[in-house]
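Okay, structure first, notes after.
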Amino acid sequence: SAAKDGYQRTMDVRNKMAGAGAGMTAAGVGIGYAAKKVLVPGYDFEIGMSKVQALTRLDKNSGDYKMLREQARDLGATTAFTANEVAQGQAFYAMAGFKPEQIKNAMKGTLSMSLAGDIDLATTADIGSNILTGFKLNSDEMNRVSDTLVGVFTRANVNLAMLGDT
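In terms of our numbering, the sequence shown opens at residue 366 and continues consecutively.
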């Protein structure tokens with residue numbers, strides 16, 4: 366029965382290896398999922414900032430580009446928005462022809478208005494840029510615009526998107 370004992374030991378080793386393999390597979394899937402959750406936001410941010418760079422026609426090493434990039438990261442770390450969402454808002458201002466300093470000045474008021482209006486930051490930036498341009502206001506007046514619009518839609522039967530359409 367030495368053969369039977371040898372066979373049993375071989376089967377025990379095989380079962381242990383199969384269990385270890387399944388455990389490694391599960392761990393690998395878990396690590397892959399965790400890596401995706403960590404890497405994708407960074408990748409999305411890079412795409413968003415590439416769009417900002419293209420729309421503003423800034424060199425990647427310019428001070429203005431670095432300023433916008435830093436603002437997106439800072440606001441992404443200190444507000445309810447992600448850095449990528451901030452970059453999307455910056456891109457809308459850039460599409461409207463705003464210069465880097467104007468974009469920077471408008472973003473904080475835009476974030477406040479987006480939160481209060483419960484709509485995405487890119488749409489809010491689109492509305493904000495239309496209002497600033499339409500009324501020939503400076504971008505540093507976005508906080509005042511935000512306060513005014515929030516006051517209107519919180520006291521009337523309208524929302525920010527409706528105000529943006531008028």
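Ideal placement from N, C-alpha and C gives every residue a C-beta, glycine not left out.
Nonlocal neighbours in the same chain, by C-beta distance under 6 angstroms from residue i, ignoring five residues either side
i	result
ARG434	MET414
LEU525	GLY482, ILE484 and PHE518
Which of helix, strand or coil DSSP assigns to residue i
i	result
VAL405	Only weak support exists for where VAL405 lies, its pLDDT of 49 falling under 50; the value from the coordinates is given anyway. DSSP places VAL405 in helix when its eight states are reduced to three.
ARG438	helix
ILE492	helix
GLY516	helix
ILE468	helix
GLY462	coil
Beta-carbon spacing of residue i, residue j below 8 angstroms
i	j	result
LEU497	VAL510	yes
SER494	ALA461	yes
GLN467	SER504	yes
GLU450	LEU486	yes
Where residue i falls, given that 16 or more other Cβ within 10 Å makes a residue buried
i	result
PHE500	exposed
ALA471	buried
ILE412	exposed
ILE478	Just to set this straight, residue 478 is Met in the shown sequence, not Ile. Classification for MET478: buried.
ASP424	exposed
ALA459	buried
ASP530	exposed
Own chain, CB closer than 7 angstroms to residue i, minus 5 neighbours either side, in chain order
i	result
MET432	PRO465 and LYS469
LEU528	LEU514, VAL517 and PHE518
ARG438	ALA448
Proximity test, residue i beta-carbon vs the ligand PLP heavy atom, cut-off 7 angstroms
i	result
ARG520	Among the components of this structure there are no ligands whatsoever, and the ligand PLP is therefore not found.
Worksheet item: Taking one C-beta from the stretch 455-463 and one from the stretch 416-424 each time, how about it: are there three or more such pairs within less than 8 angstroms?
Response: yes
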